[in-house]
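J.:
Protein chains: 6
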Amino acid sequence: MKYQPKDSSKTPRFCGLRTFMRLPHVKTTENVDFAVMGVPFDTAASFRGGARFGPQSVREASMLLRPYNLEMDVNIFDHCSGVDYGDLDVVPGYIHETYDLMVKQLKPIYEAGVVPLCIGGDHSITLGELRAIKEVRGPVALIHFDSHTDTWDNYWGMKYTHGTPFRRAFEEGCLIGDRTIQIGMRGPLYQPGDVNDSKDLGFEVLTAGDIHRKGIEYTAEMIQKTVGDTPVLVSFDIDFLDPAYAPGTGTPEIGGFTTWEACEIIRKGLKGLNIVGFDLVEVAPSLDAGEITSFAASGILFEFISVLADKKRMESNK
Amino acid sequence: MKYQPKDSSKTPRFCGLRTFMRLPHVKTTENVDFAVMGVPFDTAASFRGGARFGPQSVREASMLLRPYNLEMDVNIFDHCSGVDYGDLDVVPGYIHETYDLMVKQLKPIYEAGVVPLCIGGDHSITLGELRAIKEVRGPVALIHFDSHTDTWDNYWGMKYTHGTPFRRAFEEGCLIGDRTIQIGMRGPLYQPGDVNDSKDLGFEVLTAGDIHRKGIEYTAEMIQKTVGDTPVLVSFDIDFLDPAYAPGTGTPEIGGFTTWEACEIIRKGLKGLNIVGFDLVEVAPSLDAGEITSFAASGILFEFISVLADKKRMESNK
Amino acid sequence: MKYQPKDSSKTPRFCGLRTFMRLPHVKTTENVDFAVMGVPFDTAASFRGGARFGPQSVREASMLLRPYNLEMDVNIFDHCSGVDYGDLDVVPGYIHETYDLMVKQLKPIYEAGVVPLCIGGDHSITLGELRAIKEVRGPVALIHFDSHTDTWDNYWGMKYTHGTPFRRAFEEGCLIGDRTIQIGMRGPLYQPGDVNDSKDLGFEVLTAGDIHRKGIEYTAEMIQKTVGDTPVLVSFDIDFLDPAYAPGTGTPEIGGFTTWEACEIIRKGLKGLNIVGFDLVEVAPSLDAGEITSFAASGILFEFISVLADKKRMESNK
Amino acid sequence: MKYQPKDSSKTPRFCGLRTFMRLPHVKTTENVDFAVMGVPFDTAASFRGGARFGPQSVREASMLLRPYNLEMDVNIFDHCSGVDYGDLDVVPGYIHETYDLMVKQLKPIYEAGVVPLCIGGDHSITLGELRAIKEVRGPVALIHFDSHTDTWDNYWGMKYTHGTPFRRAFEEGCLIGDRTIQIGMRGPLYQPGDVNDSKDLGFEVLTAGDIHRKGIEYTAEMIQKTVGDTPVLVSFDIDFLDPAYAPGTGTPEIGGFTTWEACEIIRKGLKGLNIVGFDLVEVAPSLDAGEITSFAASGILFEFISVLADKKRMESNK
Amino acid sequence: MKYQPKDSSKTPRFCGLRTFMRLPHVKTTENVDFAVMGVPFDTAASFRGGARFGPQSVREASMLLRPYNLEMDVNIFDHCSGVDYGDLDVVPGYIHETYDLMVKQLKPIYEAGVVPLCIGGDHSITLGELRAIKEVRGPVALIHFDSHTDTWDNYWGMKYTHGTPFRRAFEEGCLIGDRTIQIGMRGPLYQPGDVNDSKDLGFEVLTAGDIHRKGIEYTAEMIQKTVGDTPVLVSFDIDFLDPAYAPGTGTPEIGGFTTWEACEIIRKGLKGLNIVGFDLVEVAPSLDAGEITSFAASGILFEFISVLADKKRMESNK
Amino acid sequence: MKYQPKDSSKTPRFCGLRTFMRLPHVKTTENVDFAVMGVPFDTAASFRGGARFGPQSVREASMLLRPYNLEMDVNIFDHCSGVDYGDLDVVPGYIHETYDLMVKQLKPIYEAGVVPLCIGGDHSITLGELRAIKEVRGPVALIHFDSHTDTWDNYWGMKYTHGTPFRRAFEEGCLIGDRTIQIGMRGPLYQPGDVNDSKDLGFEVLTAGDIHRKGIEYTAEMIQKTVGDTPVLVSFDIDFLDPAYAPGTGTPEIGGFTTWEACEIIRKGLKGLNIVGFDLVEVAPSLDAGEITSFAASGILFEFISVLADKKRMESNK
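Protein chains in written order, with my numbering: chain A, 1037 to 1354; chain B, 1037 to 1354; chain C, 1037 to 1354; chain D, 1037 to 1354; chain E, 1037 to 1354; chain F, 1037 to 1354.
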């Protein structure tokens, strides 16, 4: 038995409730390879909020997704079964309560070997995922797409914000430092240390300049090299994209990437990796224009899922 | 057993898939008093379209609805069980195929005595509802809120558009002419006949001027008087409201009504009536501003449901 | 021979070039009773500009206009012939050059006895109209709908801005002071004199408070009483309406009027008057929301034209 | 020495940094009657956030304010000196830390007898104000404009949200229950108790229905009667206004009030009262349309300040 | 005699009715080389509609076009005469009636040897053009820019939608299969066959990946090679562009092209070809952001016209 | 003593009045290296206006700027002191009066050796800057980023518009022709002369095609080569960027540049030059989408300032 999207050649895509990609909304881990879910928590945003409505708008945009990936030549549901798991419960305004709820809800999913795709919410949610993963399987590798490192020590004296999760995660033993790579950093920083700090934690850092100058192939190789076959979480902050491609986010930074570049890096950089989870964060629909941010986000999730399906195919072909 | 909304004091209202009012999405008529459903068909719009996305946006706005109606002093789910039935299948671009599908899908609902609340879609869908009702129980009364009579004979020679459903419905024997009332007509017309035509069909017509000058109480009384205890369909075109209250619609007309006025007319004019169905049509989110049209629409549906609950209470108190 | 709109029951209203009300675009005064024209000049705006695109957006909204006025029971083109005259040439950035061009272009129209309906543009254009009228027929009465008196002496030392046209017009002998009425004044002022100044010029002033408290009938009577049978120009600043009804304007003031109220005042207050011209100014589409300002403007122009047609009918019935 | 706005007849209103009403930005309480300040905290919003950008957008809209109030016939700066005090420091995401900061920053202002006008932020900030006031002068009366009572006990188990401040304030001894009046309640509620709860605390409650049916004069009298000469805080949630007049807010409720109605209630209901502070909350610019919410908010603050000036005039005339 | 735009150094470009590029609106084929016209039909859209307002918004954006093409060093009106022909009549909601009207209206244009530039409308209109061309001159070559092949067999069982025109056209003998090239395909598909189907019809297909990797020169050469000197129709779906460059369309697909890339492909790939018609479809202004889609569309039409002028120059230089 | 931004790790960036980059608002030239100021004049716009609100929106976006430039490895405030100088006074609607005011206000700034960064306003303001510079230090070099040359002789007979400043500046002896370079020209032109005219004045012109084909390094070298060590003004029209990156401007032209390309050209092309002033013009917030134009503008100003700081560092290292 396999969960797959409703057939859009039978009913129009704008018909029916908005589940991700028109997948069935089933709260199960049985016979499921991946589960898309919302984590509508945006209390930790340091500038503009609104990402609590990210899951809803990404689902809306995902109505346009179809099952076959032309570039990877893979039909997702030939190899995978997937569901829309709904949203995780959160407590708006209260980060610690939310982290506790996240861990409680995510652990059974990771334990079941299902790959969750969490739609944020702000970037603080990744710490909740990493804590749950750690409880299930210990520290993991990380591939982090973003314009910011999010490894500040604190904001206004507060240790838990959307600018600090990766430092916290490292301190809590959730991350393997030298299996962690951060990609896309750019924009004005507080000080040189903003990037150096990540390096001090052992992280590989590819700045936007590195990628613009050395190219997609290089970037993909660096990801593969850093992560190897370590189990890995992939975290994608939508502000990795240039604001022209993703205006609907809290802290946009100019000089970023196109969706074509992002998708190519994903397709090549993530191919065959041992991925335990994905997230895509910081989509804030009330700041969007022409819904392009939500369309970009749903397209990137489609590439993530395609990578999973491709891996399954490779495994079944062995 | 009773279907009712998720408890928003337990989980935030922005958590989870968007069903109307956070009701369970169950495609059943068992133990159900009312069923909210989308009819995302907008092919028949004569000017600006986009109402196929009405159901989605009204559901989104309905997250804010709570169960107790202060003005009517009624808690809906003390008296009613309700579900989100999802959307009816439609065939975009093809009105006759869509009508056939509508009748097929709606008949069992009317037969089960469940009251459907159809969210359009454009106003052509009301003919589909009326055909289904006719098959189940014969011609009915009609309460029609709108700025237009929608009783033109044809548009560009075509008999089936969103400007003609009530003439067609009358011709097809779906309506009891002298139990039909049209409320809110205004704006430039093609000719005097536009209103006279309705009168020729036996319809009662209250123009916007009538209502602005004679008031809400008068309007409510005229509705009660016209309909009496005949089974009645209520059809609400969102352009009954002034464009300041509902810009997100295809053919707005200035000089209209506030949401307070609309709700008062509903609460008083519909109280105790023998209502077999409701619809709310012509919400076009891509033309909206500040989402106020969708909020207005969801609030009006709330009043409709409250009227149903109030009726149930009256019946159970007998 | 009569100029009238294309028949929208034959071709959809969204088909074809945007002329006002789908009238023929003919640059003639022969066989013409009224001529709609744009005056896309907004250099004189003191705060937010953009009204140079007013004519285009009002024309776009006017696609929805049909020929019969329900409230006045008059079919415009039974009594009138009307054209879209296009836009007057203006010189953006240069007010004096623009005034000269306006007078040159408007004089032949007033001389031909055609009633122009000028779509602004900012409120400075009314001085151009009044100068042309004065040359043709001397000083006239004025009915001025607005939230501001626009009778300041100067702004930043400059005598010609959109806040000064009526003082200049009075000084230049274009206006008959005691046949001038200003309606709708409200909002914070610089000083009490802002209204008193108008009174010193002999103008009647009805503040928003007067109208809200004394009502539409009173307002209509005051207009009729002030103007009598003197030839009169009607100038309508869209910010007479409340920002909820007309956000797309440069200097909105809360506490204003609904479109129903505006239309009723026009229908009753202007009935039978000897009107030589109309203008509707300060629609700034880039500041609009849901296009409601443009719809309001086109609806108000429709009432103006209906008043003309009603007058013609009265005259032909004598 | 008196602080007053820059003269807009000398420099255009769009020139210069955005202080409220073009007042000097001075962080002093010397020679100051009122001080406008932002409290950009929106962590406690239960549905849509974004009010942290309220102060900025209200300041932007306030560029249009001039010093003379036509309806009250008072020139504010003949009687008052006022400053833009800037924003209070807050800690986004952390409500208790923010409350502590608020009390620390507000106490010296209340102690100096300066009247603060706090621009929110969400409605949770009022508890911070009330705590500071209590420390300075004990419990006070309250006039609360809103569509919600905000006296829920908790949301998702959390005691501190924007839906609970007035219950908390009462429990903490900040409010005099029978000197507290809540005005404008409407919309769907969780249960009858939502309003009854307020009554149990001794609060007077005027629902939207009460006001729509009994009128502005009645409402003003009820305010005056409830408050008497007790020192009073005035708290205005922008969702008191109808969404047509204020779409840019987190939890809009249809069936509300116009800006004219709000201003009239303020002018008459607050006249002569012993007011110790004001706030205006829940303006969320990213949800606004045509900036009308910010214009409405700045206009309401103008009426608040005018009431203060009017009181000063009355006192100086004694 | 030659038709050319109004001189914008004489009158401001925002003055006057909106014809394409300020060309004269003349419904003639005499002395005309190209005729721009709207085909405002969007009934066949499978997801988001609104392209019926495409012609109006592209005309509005085209006000900025000037006559000289810097990259091609050609002044269009040195070589061509062009008009705005207005819009073709269509029947909204009824595709077969519209096709019949299209053929009837287009045939005389093709017969006169005038090159029509049709502004859609959705992509179904291309079948109408191809039918008219076939009647006049038999099957032709096709250059099709799009992110989708639009060669599905049917949608929900319906043979005529905006996803099927090129399969229908091939079946009806309008197209020469091996003279047809489709360019830009990307995004999730239903199945591999979506592209293979086109290949089965003999079409050349360049996917987005092909173009991103092999470049503009390669793409231009493939076009030239496929088409040769066969008479050819050029059809440009605006979603060929990336959503960052064209958000205002019904079914955007990420990973697309910039306007620079599109214009370069047109300038080089179409140079010297024997072009019988152009269309540009799927611009939906109500979904646009910052009007960039309409500006992009008008700029692409400018390149089309420049290619025509360049061809004329080459011919006259022989 | 040094002026630098408020520390955003201490107070949230959305707290407080909007000065550029959170710099102190001080109207001084003492101890100041650079001074950011608004010049909110947009009277000279030939098509869409609104740039008078550019300074406000760029300041709002600049809240996100931090002091360290990752690509240039420079911390601005290690080497520079900077202030927000507020806005220059202007006279809306009157260009000559505004030029006089500009010269009067700018001269002391240039005399003090402070580098002003002027935020427009439309492009006409650059002539005001150049006149002031000429009075202080004679003619200078110019680096002009734009899609238009702005060297037309006149518009509608008027010599002073935003399309003519560089011709006027050359005629008035403000510019050294062969030290002037114009970069990015593209889009339809009136005639070949539009670019040739610039060449006739001795200006170097790099069209968009030149840059797209020859690359960033070439462009940077051409700038360095043309300017050498001559004192130079840098003028950046935001429409140098592609409309996808900067929709919020009056006359967008497709086929433009990304923010990454613009920043790279600035970093490399301007490095080490003897820069006397900058401006960034034509940001029109009311035409923007997702605020991306303002974010782009503030990011480009950040690169300008970084170039200044880098130069200071180089000088202090000598």
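The beta carbon of each residue, even a glycine, is placed where N, CA and C say it ideally should be.
All values reported here derive from a predicted model rather than from experimental measurement.
Give the C-beta separation of A:PHE1077 and A:GLY1157 to the nearest angstrom, bearing in mind that I take them to be a contact with Cβ-Cβ under 8 angstroms.
T.: That pair is a contact at about 5 angstroms.
J.: Assuming the contact rule is C-beta atoms closer than 8 angstroms, B:GLY1291 and B:ALA1256 should be a hit. Round their C-beta distance to whole Å, please.
T.: In fact, because the Cβ distance is near 20 angstroms, the residues do not count as touching under 8 angstroms.
J.: Take A:ILE1252 and list the residues in its own chain whose beta-carbon comes closer than 8 angstroms to its own, dropping the five residues that flank it on each side.
T.: Excluding positions up to five away in sequence, the list reads GLU1297, GLU1300, ILE1301 and LYS1304.
J.: If the criterion is Cβ atoms closer than 8 angstroms, does the pair F:VAL1317 and F:VAL1176 meet it?
T.: No.
J.: Compare the Cα-Cα distances from A:GLY1308 to each of A:GLY1335, A:ARG1349 and A:SER1322 and report the closest residue.
T.: Minimum Cα distance to A:GLY1308 is reached at A:ARG1349.
J.: Leaving out five residues before and five after E:ASP1324 in sequence, what residues of the same chain have Cβ atoms less than 8 angstroms from its Cβ?
T.: Excluding residues within five positions, the ones whose Cβ falls inside 8 angstroms are SER1093, PRO1283, GLY1284 and SER1330.
J.: Counting only beta-carbon atoms, is A:SER1093 nearer than 8 angstroms to chain E?
T.: Not an interface residue.
J.: Taking 8 angstroms as the cut-off, does the segment 1098-1114 of chain A touch the segment 1159-1171 of chain D (at least 3 CB pairs, one atom from each stretch)?
T.: Segments in contact, no.
J.: Within 10 angstroms of the Cβ of B:ARG1204, are there 16 or more other Cβ atoms? Answer buried if so, exposed if not.
T.: So B:ARG1204 counts as buried.
J.: Quick check: what's the CA-CA separation for B:PHE1050 versus D:ALA1080?
T.: Approximately 14 angstroms, taken between the alpha carbons.
J.: Roughly how many whole angstroms lie between the Cα atoms of E:GLU1240 and C:ASP1125?
T.: Roughly 51 angstroms separates the two Cα atoms.
J.: Given a threshold of 16 other Cβ atoms within 10 Å of its Cβ, counted over all protein chains shown, does B:HIS1115 qualify as buried or as exposed?
T.: So B:HIS1115 counts as buried.
J.: Taking the alpha helix (DSSP H) that D:ASP1262 belongs to, which residues open and close that run?
T.: Reading off the sequence shown, one finds Thr at residue 1262 of chain D, where the question assumed Asp. Segment 1244-1263, the alpha helix (DSSP H) holding D:THR1262.
J.: Measure how close the beta-carbons of E:ASP1120 and E:PRO1060 come, nearest whole angstrom, since I'm counting them as under 8 angstroms.
T.: Right, the Cβ-Cβ distance comes to about 7 angstroms (below 8 angstroms), so this counts as a contact.
J.: For my contact list, B:GLY1090 and B:PRO1321 are in at a C-beta cut-off of 8 angstroms; report their separation, rounded to the angstrom.
T.: Contact holds; Cβ gap of about 7 angstroms.
J.: Grab me the residues of F:ALA1333's own chain with a C-beta within less than 6 angstroms of its C-beta, minus the 5 sequence neighbours each way, in chain order.
T.: Closer than 6 angstroms at the Cβ level, and outside the excluded window around F:ALA1333, lie VAL1094, ILE1274, LEU1316 and VAL1319.
J.: Given a threshold of 16 other Cβ atoms within 10 Å of its Cβ, counted over all protein chains shown, does A:GLU1208 qualify as buried or as exposed?
T.: Classification for A:GLU1208: exposed.
J.: Under 8 angstroms: do the segment 1190-1203 of chain E and the segment 1338-1347 of chain E share three or more Cβ pairs, one atom per stretch?
T.: As far as the Cβ criterion goes, the segment 1190-1203 of chain E does not touch the segment 1338-1347 of chain E, which means the pair count is below three.
J.: Just tell me which of D:SER1117, D:CYS1154, D:HIS1180 and D:ASN1105 has its CA closest to the CA of D:MET1073.
T.: That would be D:CYS1154, whose Cα lies nearest to the Cα of D:MET1073.
J.: When you compare the CB positions of B:VAL1150 and B:THR1055, do they come within less than 8 angstroms of one another, or not?
T.: It is not a contact, given that the beta carbons lie outside the stated cut-off.
J.: Which residues in chain F have a C-beta closer than 9 angstroms to the C-beta of E:ASN1105? List them in chain order.
T.: What E:ASN1105 touches in chain F: PRO1224 and LEU1225.
J.: As a quick exercise: from C:THR1185, C:VAL1172 and C:GLU1147, pick the residue whose alpha carbon is nearest that of C:SER1160.
T.: Nearest C-alpha to C:SER1160: C:THR1185.
J.: So, at 7 angstroms on beta carbons, what are the nonlocal neighbours of F:LYS1347 in its own chain, with the 5 sequence-adjacent residues on each side left out?
T.: Counting only Cβ-Cβ distances below 7 angstroms, and skipping sequence neighbours, we find GLY1308.
J.: Determine the burial state of B:TYR1254: buried for a count of at least 16 other Cβ atoms within 10 Å of its Cβ, exposed for fewer.
T.: Exposed.
J.: Less than 8 angstroms between the beta carbons of D:TYR1135 and B:SER1045, yes or no?
T.: Going by C-beta atoms, D:TYR1135 is not nearer than 8 angstroms to B:SER1045.
J.: Using a Cβ-Cβ distance cut-off of 8 angstroms, determine whether C:PHE1272 contacts chain B.
T.: No, C:PHE1272 lies away from the interface with chain B (no Cβ there is under 8 angstroms from its Cβ).
J.: Buried or exposed: where does C:PRO1152 fall if 16 or more other Cβ atoms within 10 Å of its Cβ makes it buried?
T.: Its Cβ being crowded by 16 or more others within 10 Å, C:PRO1152 is buried.
J.: Could you check whether the Cβ of D:THR1200 sits closer than 8 angstroms to any Cβ belonging to chain C?
T.: No, because no Cβ of chain C sits closer than 8 angstroms to the Cβ of D:THR1200.
J.: Determine, using beta carbons only, whether E:PHE1083 comes closer than 8 angstroms to chain A.
T.: With 8 angstroms as the cut-off, E:PHE1083 counts as an interface residue toward chain A.
J.: On the DSSP bridge assignment, give the partners of F:PHE1181 in chain order.
T.: DSSP output for F:PHE1181 lists F:ILE1219 and F:PHE1272 as bridge partner(s).
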